[in-house]
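Trainee: Read top to bottom, the protein sequences are chains Z and S. Position 108 of the first sequence, counted from 1, bears residue number 116 in this note's numbering, the numbering being contiguous throughout. Position 128 of the second sequence, counted from 1, bears residue number 993 in this note's numbering, the numbering being contiguous throughout. Don't be surprised by glycine CBs; every beta carbon is placed ideally from N, CA and C. Have a look at the structure that comes next, please.
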Amino acid sequence: MIELFGYMLSGVTVGFIYTLVGLGFTVIYNSSGIINFSQGEFVMAGGMSTVFLLYAGLPLGVAFVLAIMITSLIGIVLYKLISFSKDSSQISLIILTLGFAIFLRGLAQVIFDKQLHTMPSFVGDGAFEIFETTLTYQALAVIVVSIVIVISLYLFFNKTKTGQAMMAASNNVDAAKLMGINIKKILMLNFAISAVIASIGGILLTPITSTNYEVGIMLGLKGFCAAIIGGLGTPFGAVAGGLVLGILESLVAGYVSSEYKDAVAFIVLLAILFFMPGGIFGNLKSQRV
Amino acid sequence: MVKKFLIRAMALLFVSSFVILGAKENIKIGAIVAATGPASFLGDPELKTLQHYVAKINKNGGVNGQMIELIHYDTGANPKKAVTFTKRLINQDEVVAIIGPSTSGETMAILKFVKKAKIPLISMAGAVAIIDPVKPYVFKIVATDRMACQKVMQDLNKRNLTNLALISGSGGFGKSMRKQCKEVAPDFGIKIVADETYGKKDSDMTSQLLKIKNNKNVQVVLNPGFGQGPAIVTKNYRQLKIKHPLYQSHGVASKKYIEIAGDAANGVRLVAPPVVVADKLDDSIAYKKVALTYKNEYEKAFNSQVSSFGGHAYDSLYIIVEAIKRAGSTNPEKIRDEIEKTQGFKGVDGIVNLSPTDHLGLDTKTGMIMLEIKNGDWTIVK
């Protein structure tokens, strides 16, 4: 029983990491209908720039804020690229984000380096002991921050005018335009928000997993799985998806074999796409054709 | 008028360039390294080392009065590219010897081409298969993962620990070492009682470690792998308060590992190539001076921490250079013969003794050192 609890706790920790990445997918999808495959690279950019700003001798808080600003700028650059090619089909735009991801990875190799980097845990190195297993302060920080972000996203999308405008833009661009919504501004804001969430994720993750220029690949993939499993477009979906994914992986590693852990993630993804194409929380929207 | 002058000038240049080249024909040595891409942590220091020391040799008058010309290609760890570049080195560049590639997969891919062309090759990759069975033109100077396993198990025998748990990275390095360790374990009377793996990009290994923790048979844990995985394993290991001794492989034998794992790294034992602790080696160890000089020179020239990988490049280069000196010739066949006769070569990786039956020339005594991390620094386990 204690064993099961240990696996669950480990799964929850990992699950919230996936959630944090998955949320970024949700935000951009919500407004533009695009899957942003450079989301993982946003996470990398957040972590790497924080590390290097710290190396440069900046205090922790300043480094955080600067890193978040840098990453949101990157998000805006991506939006600008997409808006240049706004007449292209959605598939081309998704491919564009994939290309941007590769570009960012290359850029990080040149600007930073190819080494692994880490930074000290800013909430302390300790851990809570729960039964025979432990929950580190840093992992708890990931969980708390994820929950805070989810709730604020929910409030933002449902209770504020800007958030509602974003939802409207996602549902029907033309109708939204006719309602006087400045689509360009809304979209740009969305990319920036998504990048901000990703960079916060990157900063929180770095003390746990360390970071390098290619850390975003697998994070992006798992975060994408989480978002899809939960249902794209709803922040709660990203939480549910992340948790399902994290816990399943952990249970499989614990009770079956760690060899099959990653396979499970993708099998679950396929199963969800077959049987609940909208994800756990999602309701299938009418397709924009 | 101007045109005429230009033509004359060009003709003069053309002729004089022949004169210069004719006076001293360069010795062409090829290098195939993964300077970029997923194995750049190997190829990058390798290439830097080669370029630095070739320049140094040339500054000091070259080899037998001839300059060395390093012709290098970057494969990005892609075996197909390695094959293309090997063919180019052999057919177009007409090199007399080849250093590299950086990874085992690439090396295996080019073996048949160097055999056909009869060009000596010193590989910088780890797999045993490269030199076992012995192939006439293929050498390597990197300690194998098999030796790392043996070294760990010798230490386990000393501590009377017999029940080993493995938690391995699922990348090529972790996989290969895991296989080797399972193969050599019976030779040392060691039982593998748990065998876990993790993906190389995983962010948490608590589940696997919990399983090991709950396995009552486990006495000691070994973690073959490189990159961020072993650092996370180490952190999780301490968080779960697992009491068994933890061993790491030579894959993390760099200060980077201590930096990332932090306090959790204290008490971890690992096998490492000597260059990592060059300054702490006993003065009686014959290759200390070489290793220490290399370490200092590299760190000064490139302003970054030395790694064992660049050391492989240093050893490969100097084994070839000394073979050329002894042969007094740049004939690849003669160079090959002399490489094979290398005895007592003091390299960064240890003492190299090559022979027609041994194309590796390192053993667990000199090629690997057992370290323990104390207070965030290496100490040598006697």
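1) Is the distance from the Cβ of Z/Leu31 to the Cβ of Z/Ile205 below 8 Å?
2) Given Z/Val59, which residues of its chain have a CB within under 7 Å of its CB, disregarding the five upstream and five downstream residues?
3) Assuming S/Val928 contacts S/Lys1190 under a Cβ cut-off of 8 Å, what Cβ separation, rounded to an integer in Å, is found between them?
4) Determine the chain S residues that contact Z/Thr144 at a beta-carbon separation under 7 Å, and present them in chain order.
5) Would you mind giving the Cβ-Cβ distance between Z/Leu17 and Z/Leu106, rounded to the nearest angstrom? I have them listed as a contact below 8 Å.
6) Just tell me which of S/Val1083, S/Leu1021, S/Lys1199 has its CA closest to the CA of S/Leu1135.
7) Give the residues of chain Z in contact with S/Leu1075, contact being defined as C-beta atoms less than 8 Å apart.
8) At least one CB of chain S closer than 8 Å to the CB of Z/Ala135: is that the case?
9) Is the shortest distance between the beta-carbon of S/Ala1096 and the beta-carbons of chain Z less than 8 Å?
10) What is the residue span of the beta strand (DSSP E) that S/Thr1062 lies within?
11) 8 Å is my cut-off, CB to CB: does S/Tyr1317 come that close to chain Z?
12) Flag Z/Glu49 as yes if its beta-carbon sits less than 8 Å from any beta-carbon of chain S, otherwise no.
13) Please state the DSSP three-state secondary structure of S/Thr1244.
14) Whose C-alpha, out of S/Asn1168, S/Ser1169, S/Lys1145, S/Tyr1152, is nearest the C-alpha of S/Thr1244?
15) Would you list the residues sitting across from Z/Lys6 in a DSSP beta bridge?
16) Please classify Z/Asn166: is it buried, with 16 or more other beta-carbons within 10 angstroms of its beta-carbon, or exposed?
17) With a threshold of 8 Å between beta carbons, is Z/Ser258 in contact with chain S?
18) Do you know offhand how far S/Val884's Cα is from S/Phe1004's?
19) Spatial neighbours of Z/Leu277 within its chain, please: CB distance less than 7 Å, with the 5 preceding and 5 following residues excluded, ordered by chain position.
20) So what's S/Arg1134 in DSSP terms, helix, strand or just coil?
21) So that I know if they touch, is there some Cβ in chain S lying closer than 8 Å to that of Z/Met56?
22) Going along chain Z, which residues have a C-beta under 7 Å from S/Glu1061?
23) Spell out a yes or no on whether the stretch 46 to 53 of chain Z and the stretch 260 to 280 of chain Z are touching, meaning 3 or more CB-CB pairs, one atom from each, closer than 8 Å.
24) Report yes if the CB atom of Z/Pro243 is closer than 8 Å to the CB atom of Z/Tyr162, and no otherwise.
25) Whose C-beta lies closer than 6 Å to the C-beta of S/Gln1113 among residues of the same chain, with five residues either side of it excluded?
26) Let me see if you follow: with CB-CB separation under 8 Å, is Z/Ser40 close to chain C or not?
27) Can you list, in chain order, the residues of its chain with a C-beta nearer than 6 Å to that of S/Gly965? Leave out the 5 residues immediately preceding and following it.
28) For S/Leu886, count the other beta carbons within 10 Å of its own beta carbon; 16 or more makes it buried, fewer makes it exposed. Which is it?
29) For S/Ser1173, does the count of other Cβ atoms within 10 angstroms reach 16, so buried, or fall short, so exposed?
30) In the structure shown, what three-state DSSP assignment does S/Gly887 receive?
Mentor: According to the data block:
1) yes
2) His125, Met127, Thr214, Thr219
3) 6 Å
4) Gln1104
5) Actually they are not in contact, since the Cβ atoms of Z/Leu17 and Z/Leu106 sit about 35 Å apart, beyond 8 Å.
6) S/Leu1021
7) Glu11, Gly14, Tyr15, Ser18, Thr141, Gly262
8) yes
9) yes
10) 1056 to 1063
11) A question about residue 1317 of chain S goes unanswered here, because the residues of chain S that appear run from 866 up to 1247.
12) no
13) strand
14) S/Lys1145
15) Missing from the structure shown is residue 6 of chain Z; chain Z here goes from 9 to 297 and no further.
16) exposed
17) yes
18) For S/Val884, the pLDDT reaches just 49, beneath the cut-off of 50, and the residue's location in the model is therefore unreliable, although a value from the coordinates is still provided. Spanning the two alpha carbons is a distance of roughly 37 Å.
19) Cys233, Ile236, Ile237
20) strand
21) no
22) Ser266
23) no
24) yes
25) Asn1088, Pro1095, Val1133, Leu1135
26) Protein chains in the displayed structure are Z and S, and chain C is not among them.
27) Ala896, Ile897, Val898, Met989
28) Bear in mind that the predicted position of S/Leu886 carries a pLDDT of just 49, short of 50, making it unreliable; the figure below should be weighed with that in mind. When all chains shown are included, S/Leu886 counts as exposed.
29) buried
30) Residue confidence is low: S/Gly887 scores 48 on pLDDT, short of 50, so the model does not pin down where it sits. No coordinate-derived value is stated.
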